[in-house]
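Chemist: Counted from 1, the sequence shown has number 19 at position 20 by numbering that gives the first Met the number 0; the numbering is strictly sequential. Input: one structure, supplied below.
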Amino acid sequence: MTTGLRRSAAIEGISLALLTLVAVPIKYWGGYQKPVEFIGPLHGMAFLVFLYFLIRAIAADEVGLKEATRLFLGAFIPLGGIVNERWLRQRDSARHPSGTTGPGHFSDPVP
């Protein structure tokens, strides 16, 4: 259901944390720019992928406007993507208590 959104939220959150908590301090305190030059574009790509999955989830009516706003704002906080991923996982498991995620799930009986 929202597996792509969950995974992209986690990757985006980790990349933002690496950028802001590791690469930027190395740049300003250590005078070494390479980590920012490497992690910055990776984080940018991760953020765009996250936005793609968020827009797709909105279009498929998998998340509402309030939820989408929460997810979007969380993407601007270091490790906020990890919180978003965990929240999405809990929300999905509450909606599908048996562990299935809808039609086509591997535990569906074969017709």
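In this text, a Cβ means the ideal position worked out from N, Cα and C, and glycines have one as well.
1. Near Leu15, what residues of its chain come up, given a Cβ to Cβ distance below 7 Å and the 5 sequence neighbours on each side ignored?
2. Mapping DSSP to helix, strand and coil, what is Thr113?
3. So Ile81 is in the alpha helix (DSSP H); what residue range does that whole segment cover?
4. Restricting to Cα atoms, I'd like to know which of Trp28, Ile10, Phe37, Glu61 is closest to Arg94.
5. For Ala8 and Leu72, which I take to be in contact (beta-carbon distance under 8 Å), what is that distance rounded to the nearest angstrom?
6. Which residue marks the beginning of the alpha helix (DSSP H) containing Glu36, and which one marks its end?
7. Taking buried to mean at least 16 other C-beta atoms within 10 Å of its own C-beta, is Thr68 buried or exposed?
8. If you count every other CB in all the chains shown that lies within 10 Å of the CB of Phe37, and 16 or more means buried, which is it?
Modeler: So, from the data block:
1. Locating residue 15 in the sequence shown gives position 16, where the first residue counts as 1. If we look at Leu15 and ignore the five residues flanking it on each side, its Cβ neighbours are His42, Pro77, Gly80.
2. Residue 113 lies beyond the residue range present for the chain, which begins at 0 and ends at 110; the question has no answer from this structure.
3. Along the sequence shown, read from residue 1 onward, the residue named residue 81 stands at position 82. For Ile81, the enclosing alpha helix (DSSP H) begins and ends at 79-94.
4. By 1-based counting over the sequence shown, the position of residue 94 is 95. Comparing alpha carbon positions, the residue from Trp28, Ile10, Phe37, Glu61 closest to Arg94 is Glu61.
5. In the sequence shown, the residue the question calls residue 8 occupies position 9. In the sequence shown, the residue the question calls residue 72 occupies position 73. The C-beta distance from Ala8 to Leu72 rounds to 12 Å, too long to fall under 8 Å, and the pair is not in contact.
6. Counted from its first residue, the sequence shown places residue 36 at position 37. Glu36: member of the alpha helix (DSSP H) spanning 33-58, first to last residue.
7. The sequence position of residue 68 within the sequence shown is 69, counting from 1. When all chains shown are included, Thr68 counts as exposed.
8. To locate residue 37, count along the sequence shown from 1; it is residue 38. When all chains shown are included, Phe37 counts as exposed.
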